[in-house]
Amino acid sequence: MRYVAPASVAEVVALLAGDPDARVFAGATDLVPQMRAGRPEPSVAIDLKRISRLTDVSLTDGTWRIGAAAPTADLTANAALAADLPGLVYAGGLIGSDQIQNRASLGGNLCNASPAADSVPSLVVNDAQAVVAGSGGERTVPVIDIPTGPGRTSLQPGEFVVEFLIDRPPPSTSDAYLRLIPRTEMDIAIVGAAARVSLDGDGNCSAAAIALAAVAPTVVLVPAAAEALIGHPADDDALAAVAAAAAEAASPIDDKRGTIAYRRQVAGVLAKRAVLEAAGRAGNGGGR
Amino acid sequence: MTITEQRPGYRYVGTRPVRHDGLDKVVGKARYAADLVLPGMLYGHVLRSPHAHARIVAIDTSAAEAMPGVRAVITGADFGDLPADDPERNMTRNLMARDKVLYEGHAVAAVAATTRRQARDAAEAIEVTYEALPHTLDILEAMEPGAPLLHEDIFTTGLDSEPSEPSNVANRTCYERGDIEQGFAEADVVVEGEFVTKPIHQGYIEPHACVADTGQDGKTVIWCSSQGHFRVRSQTAAMLGWDTSRIKVIPAEIGGGFGGKTTIYLEPLAVELSARAGRPVKMVMSRDEVFRATGPTPGSVIRVKLGATGDGRITAAKAWLAYESGAFPGVWAMLGCMCVVSPYNVENFLIEGYEVVVNKPVNAAYRAPSAPMAAFATDTLVDEIARRLDMDPIDLRLLNCPNKGDQAPYGPKWPLIGLRECLEAIRDSEHYRSRPAPGHGRGVASGFWFNIGEASSATVNLNENGTATVVTGSPDIGGSRASMALMAAEELGIDVHAIQPVVGDTEVVGFTDVTEGSRATFATGMAVVEACRDLKGQLRGRAARMWDCDVDEVEWADGQATHSGGEHEPLALADITAEAGRTGGPLGATASLNARGAGPAFSVQVTDVSVDEETGRVTVERYTTAQDAGTAIHPDYVEGQMQGGVVQGIGWALNEEYIHDADGVMENPGFLDYRIPVASDLPMIETIIVEVPNPNHPYGVRGVGEVGIVPPIPALANAIHDATGARIRELPMSPPRVLDAIMSGNGDGG
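So the sequence lines, in the order shown, correspond to chains G and L.
Just add 637 to the spot in the first sequence (first one is 1) and you have our numbering.
Just add 8 to the spot in the second sequence (first one is 1) and you have our numbering.
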C-alpha cells in the first residue's frame, strides 16, 4: 500500500482515474480498523486532509460550505455553525470519541455508508448537497442520494465527495438529532432520528423534515411525519402522530443490536423527541 | 513521596504512597509482552475452527509450508496426549484440537513466519477437512438426554447412582442441611424464580501475548502476560511433555486479567514453533481471538426458592444451579453452590448444582467466579421478601446475617467475618439515609466470596545503602507491589520508597501460586512479613557484633537497633548495612509458605437508577459499595478494587453478553457490540472500606480483589424494579429487555 497526500482536487481525480484500487480517506477512522480486521488494503491510500477545500468550513452568500474531510471537532468548535445547525453539529460530536473526532469527518461518515451513520440524517433533514468530483468534473448531488445500501454508494468509480453545501436555515428554524445507544459514548446507534422544524408567527410548524438512521439499509426520510406536523404546534397530538409515522416508516431488521419491534418503538420515540427539541430551539428564533 | 494519612499503630500500613510501578505505566514506558522484539523473531498465528462442533478428518499443511516466510507449522498431531485422568489434559486439548473441534475459535493449527501477514496468510492456506457434527449451545438443551454429545467419556459424577450413559453434565454438587419441607412449612412468605445469564468475558484491555525463545540446548525462555508465571511453566511443561526445569518464564507487565489469565492459551505453541524454527516466536491475540477462544465466565440457569416468617427470618432455601462451562468442564457449578445463600443464616436448605458442557469457548475464572449469577437469584428474591413484608432490605439482611461460629452452608464454621459491619456501613451511609431523587429507583444487595491462601515466596535483600529489594512471585494485577513495599516498610522501619518491589521470574524467586482468589496481598504479603522478621533478627545480631555485646541486649524498633542498657548510640538500618561486609556479609532473607486462614470477604452495595420508560435505557445515577478489607494496606488500591468490581458488575448487569448465531458463531467479538461500560456511563463509585481484621494475617489482611463484583447485578435489578415495577430475571438488562419488561407489566406485585 502506498500513501499519498495530494494538495489539490485535480491530483486526487488523476490518481483515482489511474488506479481502480486506489482509495481516498479523510480521517481513516473506518479505513484503518477495516484493514486491521483483514479487509484488503487499497493499492494507494489517498489522504484528503492536505487539501484546504476539503477541510475548510465557511459561510458565504447564505450557504454553509463544509469540507468533506473537515474533522467534526472543527464543526463543534465553530460557534456560528453550531448556532445555525445545532443538530448536525451535535451529531458530528457523537461519532466515536473526542480523539476520533479530531480525525473523523462528515464525508467519511457518509461514504462509509453505514446505515447507522450519525451525521447523515442531519445532513438529509437540512437538505445538504454533496459536491462530487470525478474525471468528468464536478456535480452536485443531494446527500440522500449518495448511500444506496450498507457499504455502498452511488458514487461512480473515480468519484469522491469534496464538500457539502447547506443553505443557512431561515429564522425560527432549527434542527436536532438523537440516537439510542446502550452506553453513553463509543457506541453505534441502534436507532437515530433527526428533525428540522420551522415555526410561523403563531407557533405552528410551517416546514419540517424528519429522517431516521439504523432502521433500514439507508437513511430514511419520513414525509408522513413532516405532514403530520405542518400546520400544528409541536403538541402531544402532533408528536404522537410524528411518532406513529416514524415507527411506520422504519423497516428495521432483527440483529445483535436490536429487534424489529424495539427499533420501531424507539424510532417513534426519538423522532418525537427530536422534533420537540428542534421546535423548542426554533421557538427561540433558531440560529438568528 | 505523598503520604496522606497515617493510621494508629502503624507508620506505613494504611497510607497512600505513589505506586512504584505507576510512573512507567502513566508515561507508556512499562513493558508488556507484546512490546518485546528479539533479533530474528518470527510471528505466530493460530488457525481456528469455523465450526462449533466438527470432526477433524484431515489437515493438509503442505501449501502453507511452501509459502514465503513460513518457518514452522504445527497441528494437534505434534503434541502428545495426556492420560484421561491427568488434570491438565483438557487444557492441552483446548490449546490445540485433536480429533474434534468443540467450539468456534478452537485452535487447529499454528504457523510461524517472518511477518505477521505471512503467518496469517499461511494459516489461512492450511486445508482442514471437517465433518460437521450437531452442536449444542443452550444449557438446558445440553442437559437433555439425546443432546449432541461433546465428549464420549463424561459420565456425571455426584449422582446417587452411577450413570450408564455419557452426557454433557460433568458433575452434580449438593449441599443439604435441616429439613427443607419443615422450613417451608414454617414460612409465611415463599418466593421463587428462575434466573438466566449469558457467558460474559473478563474484558481485560491487553490481549494474550507471549514471546518464546527455544534454544538448541532444549531449554526455552518465555516472556508473557499472566497472573502466575509458575503456572505458565507447569502448564507449558505438561502440554509439551517437558521437565519444568527446561522452561524459564519471565513475567511481563499485565494489562488486566480478572481471572482470565490464570490459565494459558499460546505459550506451548510459541515454544514448539520456536523449537522448530530455531528462532524466537511472538504470538499476540487479536481482540476477536480473545473473545472467541479465551476465558468467558459461564452462562447460567439458576432456580431459587426462599421461605421466610412474617418477621423476616429466612427458614428455608432451595436452589438449583446449572452452569455452562464451555467445551470442557470446570468447577463453576460447585463454586456457585458454595456462594448461593452464604450471606444468610438458613437452617434448612437443599442446594444442587450441575456442570454442563456446551459448544462454546472453555470458561476461565472471572473475579469471584460463579458468585454473581447466584447472588442475582438470591438477592433478587430477598428483595421480594422485604417488599412483601414491608421491611427495610438492610434490616432483613441484618436479621439473617451470619456471625462468627455459625455454620456456612458449604460446611465450615464462619471465622471472624464483617458482613454485619458492611450492612451497618451501608445503612448508616449518607447515600442510604437520603431519599432517592424523584423518579429514581433504589436497590441493595450483598455478596460473598471465599478468598484463598495457597503458596507464596518472598526474598528480601538489604542493600549496602540501607534500602531494600523485595522480590515476590506474584504478578501485580491490582497494586500488589505497593502493598508489598508498605508491609516491608512497616516491618523494617524504612521509607516505602526506599524499598523496590520486584516481581521475579521462575528462576529467581521461590514457587508462588497464581495471583487469584484475592490472595496476593494476603499470602504473598505474609511471606514478605516473615522474611522481614527474619531480617530483623539478623540486624539485631549484626548490631550486637558491632557493639560487641550479647544479641539479647539489642532491640529493634522504628527501623533502628537500640541497646537495652543504653550504652551505645542507636544504629539505623543503613548504619548496619554499611558495615555488613565486616559483620558477616550481605543481609537477606527468604520465606516460603502455604498461607492458611484466608479471610472470607463480604460486600454490601446500594445504587440509585433512572429508567427511560419509553426506551428502556437504564442510567446508574448513584452507587455506594461497602466492603470488608480486613485491613486496607494501601487504601487507594483497595478502593480501586472495590470500584473495579462494581464497574464490571454494572457492565455484566446492563449490557454484556456473548451473542451466538444458530451455528454457534459468535456475532459480537469486539468492544463495539460487546459492551463493557465506558467512563461516562458511570457515576463516581463511592467506597466505604470496612475493616474487620483477619486474625490469620500479621496485619489483618483479607483479599479485596473479587467480592465487589458479586452484588451489582441484583442491586441493579432491584433498583430497576423499584423504579419501574418490572422484575427482570434475565441478563443483560439491556434497553430492549427492560422496555419489554416494562411494557409487558412484568412485575411481581411486591
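C-beta: ideal position from N, C-alpha, C; glycine also.
Considering only residues of the same chain and omitting the five flanking positions on each side of residue i, which have a CB-CB separation below 7 Å?
i: glutamine 649 (chain L); result: Gly486, Val712, Gly713, Gly716
i: arginine 690 (chain G); result: Val646, Gly704, Val799, Glu800
i: aspartate 782 (chain G); result: Ser791
i: arginine 910 (chain G); result: Leu815
i: glutamate 498 (chain L); result: Tyr18, Arg19, Tyr20, Val21
Classify residue i: buried if its beta carbon has 16 or more other beta carbons within 10 angstroms, exposed otherwise.
i: proline 677 (chain G); result: exposed
i: alanine 731 (chain L); result: buried
i: asparagine 921 (chain G); result: exposed
i: isoleucine 213 (chain L); result: exposed
i: cysteine 232 (chain L); result: buried
i: asparagine 473 (chain L); result: exposed
i: glutamine 415 (chain L); result: exposed
i: leucine 389 (chain L); result: buried
i: cysteine 842 (chain G); result: buried
i: lysine 33 (chain L); result: exposed
i: aspartate 873 (chain G); result: exposed
i: valine 698 (chain L); result: buried
Are residue i and residue j touching if we call contact CB-CB under 8 Å?
i: leucine 406 (chain L); j: glycine 501 (chain L); result: no
i: valine 828 (chain G); j: alanine 813 (chain G); result: no
i: glycine 449 (chain L); j: valine 199 (chain L); result: no
i: methionine 741 (chain L); j: alanine 725 (chain L); result: yes
i: serine 294 (chain L); j: tryptophan 340 (chain L); result: no
i: valine 54 (chain L); j: leucine 494 (chain L); result: no
i: threonine 529 (chain L); j: isoleucine 641 (chain L); result: yes
i: glutamine 613 (chain L); j: proline 720 (chain L); result: yes
i: phenylalanine 203 (chain L); j: phenylalanine 384 (chain L); result: yes
i: proline 259 (chain L); j: proline 594 (chain L); result: no
i: isoleucine 272 (chain L); j: valine 309 (chain L); result: no
i: proline 207 (chain L); j: glycine 307 (chain L); result: yes
What is the residue span of the alpha helix (DSSP H) that residue i lies within?
i: proline 469 (chain L); result: Per the sequence presented here, residue 469 (chain L) reads as asparagine, with proline not at that position. Note, asparagine 469 (chain L): premise wrong, no alpha helix (DSSP H); beta strand (DSSP E) at 462-470.
i: cysteine 345 (chain L); result: 340-347
i: tyrosine 440 (chain L); result: 438-441
i: aspartate 391 (chain L); result: 379-397
By the three-class DSSP mapping on this structure, what secondary structure does residue i have?
i: glycine 704 (chain G); result: strand
i: histidine 869 (chain G); result: coil
i: lysine 33 (chain L); result: helix
i: methionine 9 (chain L); result: In this prediction, methionine 9 (chain L) scores a pLDDT of 31, lower than 50, which makes its location untrustworthy; no coordinate-derived value is stated.
i: methionine 751 (chain L); result: helix
i: arginine 789 (chain G); result: strand
i: methionine 49 (chain L); result: coil
i: tryptophan 660 (chain L); result: helix
i: proline 509 (chain L); result: strand
i: cysteine 409 (chain L); result: coil
i: aspartate 616 (chain L); result: strand
i: phenylalanine 163 (chain L); result: coil
i: histidine 237 (chain L); result: helix
Could you please give the first and the last residue of the uninterrupted beta strand (DSSP E) stretch that includes residue i?
i: cysteine 557 (chain L); result: Here cysteine 557 (chain L) belongs to no beta strand (DSSP E), and DSSP marks it neither H nor E.
i: phenylalanine 801 (chain G); result: 797-804
i: tyrosine 631 (chain L); result: 626-636
i: isoleucine 322 (chain L); result: 322-332
i: alanine 445 (chain L); result: No beta strand (DSSP E) contains alanine 445 (chain L), which DSSP labels as neither H nor E.
i: glutamate 363 (chain L); result: 356-364
i: threonine 137 (chain L); result: 135-140
Who are the Cβ neighbours of residue i in its own chain at under 6 Å, not counting the five residues just before and after it?
i: isoleucine 11 (chain L); result: Only weak support is given to the placement of isoleucine 11 (chain L): the predicted model assigns it a pLDDT of 39, under 50, and the question is left unresolved by the model.
i: glutamate 135 (chain L); result: Asp68
i: valine 859 (chain G); result: Ile847, Ala882, Ala883, Ala886
i: cysteine 347 (chain L); result: Ala379, Ala382, Phe456
i: lysine 544 (chain L); result: Trp564
i: glycine 596 (chain L); result: Asn469
Near residue i, what residues of its chain come up, given a Cβ to Cβ distance below 8 Å and the 5 sequence neighbours on each side ignored?
i: alanine 335 (chain L); result: Asn102, Leu110, Tyr111, His114, Leu158, Val365, Val366, Asn367, Lys368, Pro369, Val370
i: alanine 92 (chain L); result: Asp161
i: methionine 9 (chain L); result: In this prediction, methionine 9 (chain L) has a pLDDT of 31, which is less than 50 and means its spatial position is unreliable; nothing more can be read from the coordinates.
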